[in-house]
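Visitor:
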Ligand SMILES: NC(=O)c1ccc[n+]([C@@H]2O[C@H](COP(=O)([O-])OP(=O)(O)OC[C@H]3O[C@@H](n4cnc5c(N)ncnc54)[C@H](OP(=O)(O)O)[C@@H]3O)[C@@H](O)[C@H]2O)c1
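Residue numbers (our numbering): 15 to 362.
1. Any chance the region 40 to 57 sits against the region 68 to 76, with 3 or more Cβ pairs inside 8 Å?
2. Return helix, strand or coil for residue 333, following the three-state DSSP convention.
3. Buried or exposed for residue 121, please, with buried defined as at least 16 other CB atoms from any protein chain shown within 10 angstroms of its CB.
4. Leaving aside the five residues before and after residue 151 along the sequence, list all residues of the same chain whose C-beta is less than 6 Å from its C-beta, in chain order.
5. For residue 213, which residues of its own chain have a beta-carbon under 7 Å away from its beta-carbon, when the five flanking residues on both sides are left out?
6. Which first and last residues belong to the alpha helix (DSSP H) in which residue 171 is found?
7. For residue 153 and residue 145, what's the separation of their Cα atoms in angstroms?
8. For ligand 1, I want to know if residue 26 counts as a neighbour, meaning its beta carbon is within less than 7 Å of at least one of the ligand's heavy atoms.
9. Beta-carbon separation of residue 109 and residue 344 under 8 Å?
10. Taking the beta strand (DSSP E) that residue 262 falls in, what are its first and last residues?
11. Going by beta-carbon coordinates alone, are residue 310 and residue 286 separated by less than 8 Å?
12. Under the three-state reduction of DSSP, which class applies to residue 266: helix, strand or coil?
13. Does DSSP put residue 215 in a helix, a strand or coil?
14. Could you check the C-alpha separation between residue 195 and residue 178 for me, to the nearest Å?
15. In whole angstroms, what is the alpha-carbon distance linking residue 158 and residue 143?
16. Where does residue 308 land, buried or exposed, given buried means 16+ other C-beta within 10 angstroms?
17. If you measure from the CB of residue 52, is any heavy atom of ligand 1 nearer than 7 Å?
18. CB residue 198 to CB residue 301, shorter than 8 Å?
19. Buried or exposed, going by whether 16 or more other CB atoms sit within 10 Å of the CB of residue 219?
20. Can you check which of these residues, 352, 102 and 245, is closest to residue 284 by C-alpha distance?
21. Once the 5 residues before and after residue 289 are set aside, which same chain residues still bring their CB inside 7 Å of it?
22. At what residue ranges does the region 44 to 101 contain a whole run of the beta strand (DSSP E), taking only runs of 3 or more?
23. Residue 223 to residue 271, Cα distance in whole Å?
24. With 16 as the cutoff for other CB atoms within 10 Å, does residue 357 come out buried or exposed?
25. State the CB to CB distance for the pair residue 19 and residue 62, rounded to an integer number of angstroms; the pair is presumed to be in contact (CB under 8 Å).
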């Protein structure tokens, strides 16, 4: 298929190019950037030297429609809502990596993003881009809105447990640690090396936007409205997310029961590993181990001191958190093996 990437000069766009150049069903036909229009892709993404002679083009809907069958949108929040409707009406298939079509309730946009949604009718049509929960709805869907990075890792980490009824759903606490690429490639004081280096900085301690999508998806699983506490921390690594979830238990639970919940839900998932080893250095998830890949490592520990289950979930924020997730959604929507183009081993 002829594939376009809007926002190809950014971090998620760069990873989309890397993955799609090796995808057997993809012919990269258009990559947009306003700032770098007419530059070779490899001038911005040096890992692509020798891999492609494609150049960046300015964004122009006519060109997108003419040159693409499917388009991946890797633009900041608030951009794609301005042109998705037009592209859909002209028959394009869209996979959006931003938050513009993730939330089902239009009232959530003024609340969490500060703007009214210009096409609320599309929120019902868009499929939430997390294949482990929504792959059936993805089949032939014209619009897929990929889950966010910290929200995706949080949801996948605890989804199987939420369904069991063993946890107190009123007191779910999620702690996120994230590398600097999570904030995108635009320089800001928050991702300036001297500020970031050597620190662990809590930010948006309450009210982070990802809460909206975490609650949306967990509430569907629990069949009741769920509220969660979520607090992110900025680390001085470039890539990677580790979520630590604190779940308070309603009753005494054995390890076997928790294992069963994860096996029943994720037994055949191509990208989820349950990581809970008794030997070695990496007994529980560490994002370092899956960097560059679409894997999610999930592990847990039961506390025998207080009734608590601690769950860890590790991803690469730009792959399973963004570009890899988008490619997996594309595979699922076409009925292809979800591992196509994503069968990668990490470095150690
Ligand atoms: N980084 C992550 O870990 C991550 C994880 C999950 C989801 N996401 C989501 O993926 C999207 C991209 O994130 P990123 O980290 O790759 O951001 P980024 O590095 O800042 O890249 C943004 C891209 O969008 C383009 N762009 C900016 N404003 C635009 C506009 N008005 N019209 C058209 N193109 C525009 C920029 O291109 P030019 O300025 O060159 O034109 C650039 O290529 C965001 O919605 C983000 O939330 C990112």
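No residue lacks a Cβ here, since even glycine has one placed at the ideal position from N, Cα and C.
Guide: According to the data block:
1. Segment contact: the region 40 to 57 against the region 68 to 76, three or more CB-CB distances shorter than 8 Å; contact assigned.
2. In the structure shown, residue 333 adopts helical secondary structure according to DSSP, grouped into three states.
3. Label assigned to residue 121: exposed.
4. Taking C-beta separations shorter than 6 Å and ignoring five residues to either side along the sequence, the partners of residue 151 in its chain run 141, following chain order.
5. Same-chain partners within the cutoff: 250.
6. In the DSSP annotation of this structure, the continuous segment of the alpha helix (DSSP H) that includes residue 171 starts and ends at 163 to 176.
7. Taking the straight line joining both Cα atoms gives about 10 Å.
8. Yes.
9. For residue 109 and residue 344, yes; Cβs fall inside 8 Å.
10. Unbroken beta strand (DSSP E) run through residue 262: 255 to 263.
11. Against a cut-off of 8 Å, the Cβ pair of residue 286 and residue 310 comes out as a contact.
12. Here residue 266 carries a coil assignment [DSSP, helix/strand/coil].
13. In the structure shown, residue 215 falls within a strand segment according to DSSP collapsed to helix, strand and coil.
14. When rounded, the distance between both Cα atoms is 35 Å.
15. So the alpha carbons of these two residues sit roughly 6 Å apart.
16. Buried, by the Cβ-count rule.
17. No, since every heavy atom of ligand 1 falls outside the 7 Å radius drawn around the Cβ of residue 52.
18. No, the Cβ-Cβ distance between residue 198 and residue 301 is not below 8 Å.
19. Under this definition residue 219 is an exposed residue.
20. Its Cα nearest to that of residue 284, the residue 352 stands out among 352, 102 and 245.
21. 298, 299, 311, 312 and 313.
22. The DSSP assignment places complete beta strand (DSSP E) segments of no fewer than 3 residues inside the region 44 to 101 at 84 to 87, in order along the chain.
23. Roughly 32 Å separates the two Cα atoms.
24. Exposed is the call here.
25. Contact doesn't hold; Cβ gap of about 12 Å is too wide.
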